[in-house]
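**Student:** Residue numbering for the sequence shown follows my numbering, beginning at 4 and increasing consecutively.
Glycine included, every Cβ here is placed at the ideal spot set by N, Cα and C.
Owing to the predicted nature of the structure, the values given are computational and were not obtained by experimental measurement.
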Amino acid sequence: MNRIELFRHWWRETFRRDNVQNRVDNLVQEGRSTLSRAVSAGVRAFLVMFMVATPSVLLPGMGPDGKQMVALISLFAGALTFIEYSATYPGLVEFRDAPPFNRIRFSILFMTVFMLTIIEKSQFDPNALAVLVRAVGELIGRAMDFPYSPVRLATLMMAATSSEEQISAVRTAAGMAYLISLIGLAVFVVLLKIYEWPTRWGAFNVWVNMPTFDPTSGGDVVRRLERDARVNVVLGFVLPFVFPAVVRLGSSGFEPLTLTSPQTLIWVMTLWAFLPASLFMRGIAMGKIAEMIREKRRISGAMGLAAA
Numbered sequence: 004m005n006r007i008e009l010f011r012h013w014w015r016e017t018f019r020r021d022n023v024q025n026r027v028d029n030l031v032q033e034g035r036s037t038l039s040r041a042v043s044a045g046v047r048a049f050l051v052m053f054m055v056a057t058p059s060v061l062l063p064g065m066g067p068d069g070k071q072m073v074a075l076i077s078l079f080a081g082a083l084t085f086i087e088y089s090a091t092y093p094g095l096v097e098f099r100d101a102p103p104f105n106r107i108r109f110s111i112l113f114m115t116v117f118m119l120t121i122i123e124k125s126q127f128d129p130n131a132l133a134v135l136v137r138a139v140g141e142l143i144g145r146a147m148d149f150p151y152s153p154v155r156l157a158t159l160m161m162a163a164t165s166s167e168e169q170i171s172a173v174r175t176a177a178g179m180a181y182l183i184s185l186i187g188l189a190v191f192v193v194l195l196k197i198y199e200w201p202t203r204w205g206a207f208n209v210w211v212n213m214p215t216f217d218p219t220s221g222g223d224v225v226r227r228l229e230r231d232a233r234v235n236v237v238l239g240f241v242l243p244f245v246f247p248a249v250v251r252l253g254s255s256g257f258e259p260l261t262l263t264s265p266q267t268l269i270w271v272m273t274l275w276a277f278l279p280a281s282l283f284m285r286g287i288a289m290g291k292i293a294e295m296i297r298e299k300r301r302i303s304g305a306m307g308l309a310a311a
């Protein structure tokens with residue numbers, strides 16, 4: 004008899020109207036959240052694929068094999084982006100739920116690829132926009148081409164037999180790419196101040212936004228974050244100077260036709276300028292997170308003393 008009463012009680016509690024309504028509401032909310040996350044991931048994946056394919060779409064002269072390779076790489080990058088942003092649990096991408104970090108980083112990468120593509124396109128289709136962008140790039144490249152500057156070191160990657168026209172193409176691309184990275188970095192710092200990152204969008208989840216950082220492994224979290232921040236900033240500052248030297252020592256200079264071919268020049272100069280900016284941004288972000296944790300500890304300590 005007790006079992007029957009227990010079953011009746013369970014049945015009434017389980018299928019009461021308010022309980023059923025709550026379950027339906029929860030399912031609807033989960034469905035909306037999943038759909039929203041999938042749509043957002045799809046948009047990001049499309050933008051990544053579009054960025055990878057931009058040089059091959061806008062520039063002529065690529066053969067069928069090259070186009071197939073670009074399509075394969077863009078599909079792989081898009082699939083990786085979609086899987087990463089549609090998943091509930093974190094994977095490899097840092098700060099995925101802490102805008103505007105990845106948005107600015109992608110904007111820097113996309114604008115660099117796009118502007119360098121427009122510069123290279125001016126050789127084949129000298130329309131007004133392409134000529135204007137190329138003229139601006141040449142002006143910036145000359146302004147940044149002084150002894151021991153990153154742009155001057157970038158031109159040293161060329162072989163000794165390179166013509167002045169080939170060196171000028173590298174100088175123009177390097178100047179434009181470096182300027183875009185500096186502007187993006189400045190915008191990132193300003194937005195951090197304006198939006199009080201990372202606390203503006205609620206609690207900062209270290210596990211979701213920094214999946215490769217283990218806060219439980221050795222030492223104080225704040226000290227480790229500050230140390231990693233300093234390392235990233237130093238690497239971001241040094242890399243534009245070290246990269247050309249490593250390339251020069253490793254290969255004794257690229258062949259002129261290899262480095263000055265449009266596709267290779269675009270991606271080499273993009274990576275040369277983007278990687279240091281990305282390291283700078285990561286270092287600044289880690290410093291802000293360390294500052295946030297220290298401030299929360301100070302507030303918790305003050306509240307504990309006040310309660311005592």
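Comparing C-alpha positions only, which one of 192, 278, 241 and 271 sits nearest to residue 290?
**Tutor:** 192
**Student:** Is residue 65 helix, strand or coil by DSSP?
**Tutor:** coil
**Student:** Nearest to residue 137 by alpha carbon, out of 111, 180, 217 and 93?
**Tutor:** 180
**Student:** Between the segment 267-284 and the segment 240-247, do at least 3 Cβ pairs fall closer than 8 Å?
**Tutor:** yes
**Student:** DSSP on residue 4, reduced to helix/strand/coil?
**Tutor:** Here the model assigns residue 4 a pLDDT of 49, short of 50, so the residue's position is not dependable and the matter cannot be decided.
**Student:** If you draw a straight line from the alpha carbon of residue 287 to that of residue 250, how long is it in whole angstroms?
**Tutor:** 28 Å
**Student:** Do you know how far the Cα of residue 234 is from the Cα of residue 260?
**Tutor:** Only weak support exists for where residue 260 lies, its pLDDT of 48 falling under 50; the value from the coordinates is given anyway. If you take the alpha carbons of residue 260 and residue 234, they lie about 36 Å apart.
**Student:** Could you give the residue range of the alpha helix (DSSP H) that holds residue 200?
**Tutor:** Looking at the DSSP string, residue 200 is not in any alpha helix (DSSP H), and its letter there is neither H nor E.
**Student:** Secondary structure at residue 206, three-state DSSP: helix, strand or coil?
**Tutor:** coil
**Student:** For the putative contact between residue 272 and residue 177, defined by C-beta atoms under 8 Å, what is the C-beta separation to the nearest angstrom?
**Tutor:** 6 Å
**Student:** Excluding five sequence neighbours on each side, which residues of the same chain lie with their C-beta closer than 8 Å to the C-beta of residue 70?
**Tutor:** 59
**Student:** Thinking C-beta only, is residue 292 closer than 8 Å to residue 218?
**Tutor:** no
**Student:** From residue 61 to residue 158, what does the alpha carbon distance come to, in whole angstroms?
**Tutor:** 25 Å
**Student:** Please classify residue 222: does DSSP put it in a helix, a strand, or coil?
**Tutor:** coil
**Student:** Mind checking whether residue 49 and residue 94 have CB atoms under 8 Å apart?
**Tutor:** No; because the gap between Cβ atoms is not below 8 Å, this pair is not in contact.
**Student:** Check residue 301 in the structure and name its three-state DSSP category.
**Tutor:** Helix at residue 301.
**Student:** Suppose the cutoff is 7 Å on Cβ atoms and the five residues either side in sequence are ignored; what does the same chain contact list for residue 98 look like?
**Tutor:** 104, 105, 212 and 288
**Student:** For a test of the three-state rule: what should DSSP assign to residue 166, helix, strand or coil?
**Tutor:** Reduced to three states, the DSSP call for residue 166 is coil.
**Student:** Below 8 Å on the Cβ atoms is my contact criterion, and I expect residue 187 with residue 107 to pass it. Report the Cβ-Cβ distance as a whole number of Å.
**Tutor:** 6 Å
**Student:** For residue 206, which of 52, 41 and 296 has the nearest alpha-carbon?
**Tutor:** Of the candidates 52, 41 and 296, the one whose C-alpha sits nearest the C-alpha of residue 206 is 296.
**Student:** Report the CB separation of residue 115 from residue 57 in whole angstroms; it is logged as a contact under 8 Å.
**Tutor:** 11 Å between Cβ atoms; not a contact.
**Student:** Tell me the DSSP secondary structure of residue 227 in three-state form.
**Tutor:** helix
**Student:** Can you check the segment 117-149 for any alpha helix (DSSP H) of at least 4 residues that lies completely inside it and give the ranges in chain order?
**Tutor:** 131-147
**Student:** Under a Cβ-count criterion, where at least 16 other Cβ atoms within 10 Å of its own Cβ denotes burial, should residue 265 be classed as buried or exposed?
**Tutor:** buried
**Student:** Nearest-angstrom Cα distance between residue 131 and residue 241?
**Tutor:** 37 Å
**Student:** Please tell me whether residue 100 and residue 208 are closer than 8 Å, where the distance is taken between their beta carbons.
**Tutor:** yes
**Student:** Report the rounded CA-to-CA distance for residue 68 versus residue 74, giving the unit in angstroms.
**Tutor:** Going by C-alpha positions, residue 68 is about 10 Å away from residue 74.
**Student:** Among 45, 123, 55 and 91, which one has its Cα closest to the Cα of residue 85?
**Tutor:** 45
**Student:** Note down the Cα distance separating residue 72 from residue 91, rounded to an integer number of angstroms.
**Tutor:** Straight-line Cα distance between these residues: approximately 31 Å.
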